[in-house]
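Down below is the structure, laid out as structure tokens.
In the numbering used here, the protein residues as written are 31 to 297.
This is the structure in structure tokens:
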């Protein structure tokens, strides 16, 4: 399996690097302007006070504080931009793992080699996990290095919590997308359904925060279990987040494995 894993990672290294560069560019932009924003904290605090409380709670702005780097970067990067890139990359990797090969008709060539369907699926699955993990570790390392270069004080012991839950979040989405990749012969369907699922869950989380009567809908959204403020500012990991993400990842990993082994790849 290892030769397939290495080959898969090598084939996708350009796309992987593009995501790394894009994330790094956003990090550099926000880190470089932090010192100037820090001096404007009073004006920003006054602006926040003028906003409706429901709006602030819906978009997780309760801890938005330009004077503290973790509060600032949690709101500017880790609430949407960075996790969105991570999740898009995860879905892209899953769609290219199986469905893309079936769509292009190259899956038969792969399976004509001395390798079983099980090993092919597991190899492709593991290669994606490695790249997801690599994206998180590399971008986190680059962020810390950039902050140090600009003389910004960090709470270094808070970043592992964010990295862990972000990885579990991406793993869950990746596993769902891998299941879809094993079921469909068109990677476009994998991308569309996965993206639609993320959009619906994000909308549910916002609606649940805005309207009290819809409060329970938050439990059906992964974004309820990924809270960068708790992770990066308070260094708190919700055990239910870990349970939900791991459970979803394991269930859909197994479902995808079974689906790929049972399906007719000619359809």
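Backbone N, C-alpha and C fix where the C-beta goes; we use that ideal spot for every residue, glycine too.
If you draw a 10 Å sphere on the C-beta of residue 126, you find 16 or more other C-beta atoms in it, and that means buried.
In the DSSP assignment, residue 290 falls within the unbroken alpha helix (DSSP H) covering 269 to 292.
From the listed residues 239, 262 and 278, the smallest Cα separation to residue 106 is found for 262. By the C-beta density criterion, residue 61 is buried, having at least 16 other C-beta atoms within 10 angstroms. One Cα belongs to residue 256, the other to residue 41, and the distance between them is close to 31 Å.
Inter-segment contact for the stretch 268 to 288 and the stretch 198 to 216 is present: three or more beta-carbon pairs are separated by less than 8 Å. Collapsing the DSSP output to three states places residue 181 in coil.
Judged by beta-carbon spacing, residue 117 lies beyond the 8 Å limit of residue 165, meaning their Cβ atoms are not closer than that value.
Between the alpha carbons of residue 150 and residue 31 lies a distance of about 7 Å.
Classified as buried, residue 228 has 16 or more neighbouring CB atoms from the shown chains inside 10 Å of its CB. 8 Å or more divides the Cβ of residue 224 from the Cβ of residue 278.
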